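Residue numbers (the numbering used here): 8 to 276. We put the CB at the ideal spot given by N, CA and C, even for glycine. Treat the numbers as computed from the prediction; the structure is a model and nothing was measured. Single-structure report; data block below.
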Amino acid sequence: MSLESMNRPVSKMNKAPDNAIETEPQFLNFSYEKFGDISPEEESRARETFKKAAVSLEKEWDISSPLSIPVHLMSDEKFREGARPTDPMSWKYCFILRDQPDDKIYLDTNIFSILPDDAEAMIKHETAHIVVEHCVGDISAYRKSFFLEEGTAGLDGATDRLVAKLKTENQTIPDPLMFQTIEKIKSFGGDTNREPFSEQMGYLVLFSAVQFLRQRHGETKIIEWYKNMDKDIPLGDAYQMACGEKLDQSISEWHGSINHRMQEMNDKS
């Protein structure tokens with residue numbers, strides 16, 4: 008570890024837990040409505056998973072003011088009723104959606120049987136969108152960059168998933184900055200009818216790269232980066248204003264870290 012890295016802010020994503028571990032959220036409050044046939048077991052698991060996500064996100068983003076999040080728990084039949092058949096996002100592996108205008112979450116409780124290993128991370132991802140928007144405090148600034156909005160919502164274990172996928176598919180490491188729109192994600196193979204977003208290359212690249220930046224600078228600087236976006240300046244300039252370095256250079260260092268991880272994996276195989 009270099010002296011420079013020792014002096015960098017430490018992201019709360021990797022912060023050691025306090026002796027008194029919180030098991031209940033202090034500021035995030037969920038209100039639930041049920042639609043369709045939801046079993047008691049499904050409802051209980053959903054509530055517990057949202058609670059766990061809230062406890063984690065409160066620590067990561069240092070939440071200190073109340074935030075209410077409506078959640079619709081839905082049977083698969085009810086969840087699919089409004090799906091657009093031509094929209095890949097509404098297809099096979101879509102089980103959770105965030106309604107941007109109202110910051111409401113829709114959860115198909117089939118997620119726990121179809122994607123049991125991904126459900127927790129996916130629920131935390133959608134909840135994180137609302138939490139980070141709350142931290143930014145300005146909807147316009149929050150929604151100006153797809154790269155930043157999706158990246159900060161993140162996905163637990165994204166870098167491990169990415170490295171494994173790159174190795175399995177024998178692909179070169181994509182440039183995260185190419186994924187500035189959802190259309191770019193789709194053009195790179197993002198298809199929810201084929202695999203959940205938690206396994207799509209474009210999303211994993213975004214999640215991993217922004218996680219690297221969060222760990223590098225800490226969440227306070229990331230929020231400052233967001234707020235600079237409302238000054239109608241480019242993403243890279245807003246980053247440099249907040250973090251004091253060029254975005255493309257930071258991404259190059261992320262790229263090097265992924266190469267290093269892949270080399271380590273190759274050495275072990």
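Residues of its chain near residue i, where Cβ-Cβ distance is below 6 Å and the 5 sequence neighbours each way are ignored
{"i": "Met96", "result": "Residue confidence for Met96 is low, a pLDDT of 48 falling below 50, so the modelled location carries little weight; the figure read from the coordinates is stated next. Thr199, listed in sequence order."}
{"i": "Leu242", "result": "Ser152"}
{"i": "Ile277", "result": "In the structure as shown, the chain begins at 8 and stops at 276. Residue 277 is therefore absent and cannot be evaluated."}
{"i": "Ala61", "result": "Pro32 and Leu35"}
{"i": "Pro181", "result": "Val212"}
{"i": "Lys22", "result": "Because the pLDDT at Lys22 is just 48, under 50, the model does not fix this residue reliably, and the point stays unresolved."}
{"i": "His141", "result": "Leu74"}
{"i": "Cys250", "result": "His224 and Lys228"}
{"i": "Ile118", "result": "Phe102 and Ala126"}
Residues sharing a beta bridge with residue i, DSSP
{"i": "Met81", "result": "Phe42 and Asp115"}
{"i": "Leu35", "result": "Leu74"}
{"i": "Leu104", "result": "Tyr113"}
Whole-angstrom C-beta distance between residue j and residue i, which should lie under 8 Å
{"i": "Asp237", "j": "Asp145", "result": "6 Å"}
{"i": "Leu74", "j": "Phe102", "result": "Their Cβ separation, rounded to whole angstroms, is 23 Å, which puts Leu74 and Phe102 out of contact at 8 Å."}
{"i": "Lys187", "j": "Phe214", "result": "According to the sequence as given, residue 187 is Gln; it is not Lys. About 15 Å; that fails the 8 Å criterion."}
{"i": "Lys85", "j": "Phe42", "result": "4 Å"}
{"i": "Tyr233", "j": "Val143", "result": "5 Å"}
{"i": "Glu40", "j": "Thr116", "result": "Glu40 to Thr116, Cβ: 13 Å. No contact."}
{"i": "Val2", "j": "Thr159", "result": "One cannot answer for residue 2 here, as it falls past the ends of the chain, which runs 8 to 276."}
{"i": "Ser257", "j": "Leu220", "result": "6 Å"}
Cβ neighbours of residue i in the same chain (closer than 7 Å, five flanking residues each side left out)
{"i": "Thr211", "result": "Reading the sequence as shown, one finds Leu at residue 211 and not Thr. Ala165, Arg168, Leu169 and Lys172."}
{"i": "Met248", "result": "Asn235"}
{"i": "Asp244", "result": "none"}
{"i": "Lys191", "result": "Met185 and Gly209"}
{"i": "Arg150", "result": "Glu156"}
{"i": "Asp44", "result": "Ser82"}
Near the ligand MN: residue i beta-carbon under 8 Å from a heavy atom
{"i": "Arg52", "result": "In the structure shown, the ligand MN is absent, as is every other ligand, since no ligand is present at all."}
Spatial neighbours of residue i in its chain, beta-carbon cut-off 8 Å, leaving aside the 5 residues before and after
{"i": "Lys2", "result": "This structure gives no information on residue 2, because the portion of the chain shown stretches from 8 to 276."}
{"i": "Ala128", "result": "Leu162, Asp163, Gly164 and Ser205"}
{"i": "Arg268", "result": "Thr166 and Val170"}
{"i": "Leu64", "result": "Leu35, Ile70, Lys131, Thr134, Ala135 and Val138"}
{"i": "Glu29", "result": "Val62, Glu65 and Lys66"}
Does the contact criterion of 3 or more C-beta pairs under 8 Å hold for the stretch 182–202 versus the stretch 134–141?
Short answer: they don't touch.
Contact between the stretch 73–80 and the stretch 49–60 (3+ Cβ pairs under 8 Å)
Judged by Cβ distances under 8 Å, the stretch 73–80 makes contact with the stretch 49–60, as three or more pairs qualify.
At 4 residues or longer, what runs of the alpha helix (DSSP H) sit wholly inside the stretch 119–154?
Segments of the alpha helix (DSSP H) lying fully in the stretch 119–154: 126–143 and 146–149.
What ranges does the alpha helix (DSSP H) occupy inside the stretch 189–226, keeping only unbroken runs of at least 4 residues that lie completely in it?
Runs found: 189–194 and 208–224.
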